[in-house]
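Report on the following structure.
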Amino acid sequence: MTDKTKTAQAPQGAEATADGVDYAQTLFLPQTEFPMRAGLPQREPELLARWARIDLYRKLREAGQGRDRFVLHDGPPYANGNIHIGHALNKVLKDLVTRSQQMLGHDSNYVPGWDCHGLPIEWKIEEQYRAKGLNKDDVPVVEFRKECRAFAEHWVDIQRNEFKRLGVEGDWAHPYLTMAYPAEAQIAREIMKFAETGQLYRGSKPVMWSVVEKTALAEAEVEYEEHVSDTVHVAFPLLNAPAALAGASVVIWTTTPWTIPGNRAISYHHKIGYGLYRVTAAPETNWAKTGATYILAKNLAESVFKAAKVEAFELVADVPADQLAGLTAAHPLRGRGYDFDVPLLDGDHVTDDAGTGFVHTAPGHGREDFDIWMANGRMLAERGIETRIPYTVDADGRFTKEAPGFEGAQVITDKGEKGDANEVVIKALVEAGNLVARGRLKHQYPHSWRSKKPVIFRNTPQWFIAMDKPIGEAGAPDAADPKPVAGGNADTLRNRALKAIKETEWVPAVGENRITGMIANRPDWVVSRQRAWGVPITVFVDRETKDILVDAKVNAAIAAAFEAEGADAWFTDTDGARFLKPFGYDPAKYERVTDVLDVWFDSGSTHAFTLEKRADLKTHRVVDGGKDRVMYLEGSDQHRGWFHSSLLESCGTRGQAPFDVVLTHGFCLDEKGEKMSKSKGNVTAPQDVIKDSGADILRLWVAAADYSDDLRIGREILKTFVETYRKLRNTQRWMLGTLAHFSEEIRVSDPQTMPELERLMLHRLAELGPQVMEAYRTYDYKKVVFLLSQFMNTELSAFYFDVRKDALYCDPQSSHVRRSALTVVDHLFRCLTTWLAPILVFTAEEAWLERYPQVKAEDGSVHLELFVEAPESWLDPELAERWSKIRRVRRVVTGALELERAAKRIGSSLEAAPQVFVSDPDLLAALSGVDLAEVSITSGIGIDGGEGPAEAFRLANVPGVAVVPHRADGVKCARSWKYFDPATADPAYPLVTPRDARALRERGVRA
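All the letters of the sequence shown, read from the start, carry residue numbers 5 to 1011 under the working numbering.
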């Protein structure tokens, strides 16, 4: 039998009888071409081809004309390699948003994008060069950039096809690319806006530096991994100490011995209790000698002396913190090129939780070190202390001549391995007699997220965007001035961003606190990178005054060149003459900046060259008094990444966030909750899932998951979703088959004339619809899956459809019950198929086209529909309450018959005619007028108001109901398999029930 024939079994498998009639052929059995086995891996590409042929994306845009807009702006993935399961999660979630918002009545447009610049692509091209024996530096920069562009284009095409295969709908023919010429031009305009308003400045600050990649890194490009560091306790002899502290040394502890040459101060905290300690016993060869006196935090003295292998020590005197103010110490390498004074500075960042209670302060190698050094700059200068921050480590991780005695020693090699810098510094400290102890510490240390190698903090000249400088104020920020308080009245980038955060909807809400903390505490934004593949920082700097040239005509010329030629125009103009001479500037007097922008600035500017440029993405947002909304959706790590950079870029140039809603999701883990790794063999590739099961299975997994947390996936988990899908599909298939017998001519238009059971189902639709819509409106897709799965599996397949199969298959064509049931199934199909459409995009389309051939012929689609709404007039709470009682009684009957079936006393439930005892008056009243035999799918049933015999079947959770099973009397109907009294049979149809006889007579079947 093909799928077009019978899809149901008993009682519909009735065989030909002695009277020669094949009763199975007289039944209204489901008929459909919709296959039981989905075959999604084969069927889905066919539907994708159809959508491409009918240009579904264009039709969606036409359908959305005039509606309020809901734009999901795509966070650009990196154009480098095949997509992984995290990509699939992200893109499917975005598609759930855009499809559901479209069906909720918005114009919900999705334009995919790609991040195309940056180091990973440069690396790939450099690898190709090395394989050919070429040196990148020997190749003209424009030629190198062309190869990077071609590499990115290649992967954009591959990823585009992989994303489309997931069923994601968008403008794939016209995506945005950060390397497109108009995009590069706009990115240049954006950085020039920061220059125009005085927010862009060049400064010297310690930044996280990748020796391997030879570039500065943003915080979003760093991840913390376990690392083993050398540690040292170092003595700094006091120089101008009062008599009570004469001969004493301040001891610091650090995990970066290589930063000692960069030391310029020692930090302490005025609230910490300090003491002067004397070593009273120590091994003769010890670095900490007997008689040595050290100043330490009292809470940490014991642990310091233990690390120093000191056998005994004593507290000589307390040292009040105010006694430390104004003191200076000698550098521990004094006499070796480090003959400057080292001041003690009071710093809030110092604690007595670990270490010594003093913090070694190297302003070229740490943010807090830099901040306290700059905050005390004027005071130090007044004391005659040189405040210039040295460049002790170069881009290769080697000591410079500003680290006397160590020039050439390497902190980290170009392979990311530990160099010799620590050892040579420690050796020098031993020789100087100022090493107190050394050790090793396993701890979390910053690594580049690309190379996976440790980074260092080093002082470098970089370009920054100021967080706390009043916008529009000329000149670089004065680090010695007190910073404006975050949240105050100053018009600063930080305050603008904090205000914008409060005006944004964060899903889940915890995201607001997370990004608020990051913005409130972040340093100035380092936007420069010393690389080649990116958008350059398009500014000229006066060689004498060091001021940035701000000229609207020059800036316009740069942008125009980029529009026509891309950012390569900057690199072909080696001396700046192209952009300076036409406007009267001497190129010799200006420096052309060659650093490129941080790729986070690129992606942070995407709103400027997509949302503000494309007519189909322009919005009148709620924040501006309109009704349109813009959503950003990415993984939770993007609070410090794309959300962060987009917020700062837009607030700096437009005074507000580029988004109205920000939704974040977790990360993909294996079934054990572990991070996926090829080496562990626990990677789930979306390509494999699609090949084996289909994209709709992946989509169902995404929709059903709690995306606010990390998501687990693997073979066993996917099996559960395959089974969930199978049940949903079979429900759809049964409805389609049943509706083969439905036409508008038999529709029952007035629900009030329908039987109670049909009105109950309409009530449930009217009740369920608003819940589903609200779940979609609030992006709660797991709730949608839960509501629809439970309804379709429990209330439809296991109850309503099961009860109504007899009437649908066996009743006469004119039966009001049958017509009502068919009408309800039609309503169910329309509602449920549209409600499922954003999730099961392929299956819903397949079912819709099977149900409505004219839609298929007219190049229509379920995805062009709005969600079908069930009228509020269908609600009938009193009826629902009555039927909840009826179903409680039914559960007891079903439970009793299951035992009978298990004991082989009956086969089907139609062989039974149980006696039901109902002592609960409410339940008994609810049964009035109800055909409980029909509801229980039995051939007969008796209802009694008593308690019932002791041996009767009962359920503990349904008190007041007892059931005594009995076999049905009479004979088995040859058509419906119900048992009936043969004396009631129609003489013309003696083998079937009177009801079946009427059906046969209507169909013109003779016995």
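Even glycine gets a Cβ: it sits at the ideal position worked out from N, Cα and C.
Run the CB neighbour count on Tyr228, radius 10 Å, all protein chains shown included, and call it buried at 16 or more, exposed below. Looking up residue 228 in the sequence shown gives position 224. Answer is exposed; the Cβ neighbour count stays below 16.
Leu722 and Ile701: beta carbons closer than 8 Å? Position 718 of the sequence shown holds residue 722. Position 697 of the sequence shown holds residue 701. Their beta carbons are under 8 Å apart, which means Leu722 touches Ile701 by this criterion.
Closer than 7 Å: is that where the CB of Asp111 sits relative to any heavy atom of the ligand GTP? Ligands in the displayed structure: none, and consequently the ligand GTP is not present.
With a Cβ-Cβ cutoff of 8 Å, do Asp119 and Thr182 count as a contact? One-based indexing of the sequence shown puts residue 119 at position 115. One-based indexing of the sequence shown puts residue 182 at position 178. It is a contact, given that the beta carbons lie within the stated cut-off.
With a cut-off of 8 Å on the beta carbons, I'd call Leu901 and Ser913 a contact; round off their distance for me. By 1-based counting over the sequence shown, the position of residue 901 is 897. By 1-based counting over the sequence shown, the position of residue 913 is 909. Their Cβ separation, rounded to whole angstroms, is 5 Å, which keeps Leu901 and Ser913 in contact under 8 Å.
Beta-carbon within less than 6 Å of Gly122's beta-carbon, same chain only, minus the 5 sequence neighbours each way: which residues are those? Residue numbering aside, residue 122 sits at position 118 when the sequence shown is read from its first letter. For Gly122, where only same-chain residues beyond five positions count, the Cβ hits under 6 Å are Val603.
Cβ-based burial, Arg894 [other Cβ within 10 Å; buried from 16]: Position 890 of the sequence shown, counted from the first residue, corresponds to residue 894. Label assigned to Arg894: buried.
Give me, in chain order, the residues of the same chain whose beta-carbon lies closer than 8 Å to that of Thr614; leave out the 5 immediate sequence neighbours on both sides. For the purposes of this step, residue 614 is taken as residue 610 along the sequence shown, with counting starting at 1. Here the set comprises His77, Val115, Gly117, Tyr180, Leu621.
Counting C-beta neighbours from all protein chains within 10 Å, is the total for Thr997 16 or more, i.e. buried, or is it exposed? Stepping through the sequence shown from its first residue, residue 997 is reached at position 993. Classification for Thr997: buried.
Whole angstroms is fine: what's the gap from Val363's alpha carbon to Trp257's? Walking along the sequence shown from the start, residue 363 turns up at place 359. Walking along the sequence shown from the start, residue 257 turns up at place 253. When rounded, the distance between both Cα atoms is 7 Å.
Can you give me the Cβ contacts of Asn426 inside the same chain, cut-off strictly under 7 Å, excluding the 5 residues immediately before and after it? Position 422 of the sequence shown, counted from the first residue, corresponds to residue 426. Contacts found: Asp234, Pro261, Trp262.
Start and end residues, alpha helix (DSSP H) containing Ser654: Residue mapping note: residue 654 aligns to position 650 of the sequence shown, counting from 1. 646-658 is the extent of the alpha helix (DSSP H) around Ser654.
From Ser877, Leu840, Lys617, Ala744, residue whose alpha carbon lies closest to that of Pro755: Position 751 of the sequence shown holds residue 755. The candidate whose alpha carbon is nearest that of Pro755 is Ser877.
Range of the contiguous beta strand (DSSP E) that encloses Pro210: Here residue 210 corresponds to residue number 206 of the sequence shown, with the count starting at 1. Per DSSP, Pro210 belongs to the beta strand (DSSP E) from 204-214.
I'd like the span of the alpha helix (DSSP H) that includes Thr520, first residue to last. Along the sequence shown, read from residue 1 onward, the residue named residue 520 stands at position 516. Run containing Thr520: 514-525, per the alpha helix (DSSP H) assignment.
For Leu769, which residues from the same chain have a beta carbon less than 8 Å from its beta carbon, with the 5 sequence-adjacent residues on both sides left out? Walking along the sequence shown from the start, residue 769 turns up at place 765. Contacts found: His831, Leu832, Cys835, Ala874, Trp878.
Under 8 Å between the Cβ atoms of Gly90 and Cys672? Taking the sequence shown and counting its residues from 1, the one referred to as residue 90 is at position 86. Taking the sequence shown and counting its residues from 1, the one referred to as residue 672 is at position 668. Yes, Cβ-Cβ distance for Gly90 and Cys672 is below 8 Å.
Measure how close the beta-carbons of Arg103 and Pro842 come, nearest whole angstrom, since I'm counting them as under 8 Å. The residue you call residue 103 lines up with position 99 of the sequence shown. The residue you call residue 842 lines up with position 838 of the sequence shown. That pair is a contact at about 4 Å.
Skipping 5 residues on each side, what residues in its chain have a beta carbon closer than 6 Å to that of Ala399? The residue given as residue 399 occupies position 395 in the sequence shown. Cβ within range, chain order: Lys218.
Candidates Ala292, Pro186, Gly629: which alpha carbon is nearest Ser236's? For the purposes of this step, residue 236 is taken as residue 232 along the sequence shown, with counting starting at 1. The displayed chain sequence assigns Val, not Ser, to residue 236. The shortest Cα separation from Val236 among Ala292, Pro186, Gly629 belongs to Ala292.
In chain order, what residues of the same chain lie with their CB nearer than 6 Å to the CB of Arg387, ignoring the 5 residues before and after it? Here the question's residue 387 lines up with position 383 in the sequence shown. Within the same chain, Arg387 has no close Cβ partners at all.
Using C-beta distances below 8 Å, list every residue in its chain close to Thr417, excluding the 5 sequence neighbours before and after it, in chain order. Position 413 of the sequence shown holds residue 417. Closer than 8 Å at the Cβ level, and outside the excluded window around Thr417, lie Val215, Gly401, Gly423.
Alpha carbon to alpha carbon, how far is Arg999 from Val789? Numbered from 1 along the sequence shown, position 995 holds the residue referred to as residue 999. Numbered from 1 along the sequence shown, position 785 holds the residue referred to as residue 789. Roughly 40 Å between the two C-alpha positions.
Should Leu349 and Ser271 be called a contact, given that it needs their Cβ atoms to be closer than 8 Å? For this step, residue 349 is matched to residue 345 along the sequence shown. For this step, residue 271 is matched to residue 267 along the sequence shown. Yes. Within cutoff.
Whole-angstrom Cβ separation of Gly2 and Ile376, contact assumed at under 8 Å? Any question about residue 2 goes unanswered here, given that the chain covers just 5 to 1011.
Counting Cβ pairs, one atom from each stretch, are 3 or more of them under 8 Å apart for the segment 554-563 and the segment 526-533? no
What is the DSSP secondary structure of Pro486, counted as helix, strand or coil? One-based indexing of the sequence shown puts residue 486 at position 482. Note that Pro486 scores a pLDDT of 44, beneath 50, so its modelled location is shaky; the value from the coordinates is reported in the next line. It is coil, neither helix nor strand.
Would you call Phe921 buried or exposed, if buried means 16 or more other Cβ atoms sit within 10 Å of its Cβ? Residue 921 sits at position 917 when you count from the first residue of the sequence shown. Buried, because 16 or more other Cβ atoms sit within 10 Å of the Cβ of Phe921.
Buried or exposed for Asp472, please, with buried defined as at least 16 other CB atoms from any protein chain shown within 10 angstroms of its CB. Start at 1 with the first residue of the sequence shown, and residue 472 comes out as number 468. With 16 or more Cβ atoms within 10 Å of its Cβ, Asp472 is classed as buried.
Below 8 Å, can you find three or more Cβ-Cβ pairs linking the segment 629-643 to the segment 206-215? no
Do Ser865 and Glu849 have their beta-carbon atoms positioned less than 8 Å apart in this structure? Within the sequence shown, the letter at position 845 stands for residue 849. Within the sequence shown, the letter at position 861 stands for residue 865. Result yes, Cβ atoms of Glu849 and Ser865 sit closer than 8 Å.
Relative to the alpha-carbon of Thr1014, which residue among Gly109, Ala504, Trp574 has its alpha-carbon at the smallest distance? Because the chain spans 5 through 1011 in this model, residue 1014 falls outside it and cannot be assessed.
Under DSSP, the beta strand (DSSP E) around Asp175 begins and ends at which residues? For the purposes of this step, residue 175 is taken as residue 171 along the sequence shown, with counting starting at 1. Neither: Asp175 is in no beta strand (DSSP E) and is coded neither H nor E.
Tell me Asn463's beta-bridge partners as DSSP assigns them. Position 459 of the sequence shown, counted from the first residue, corresponds to residue 463. Answer is Pro210, bridged to Asn463.
Strand pairing of Val967, partner residues [DSSP]: Working through the sequence shown from its first residue, we reach residue 967 at position 963. Answer by DSSP bridge pairing, in chain order: Val920, Phe957.
How about Ala494 and Pro465: are their beta carbons less than 8 Å apart? Residue mapping note: residue 494 aligns to position 490 of the sequence shown, counting from 1. Residue mapping note: residue 465 aligns to position 461 of the sequence shown, counting from 1. No, Cβ-Cβ distance for Ala494 and Pro465 is not below 8 Å.
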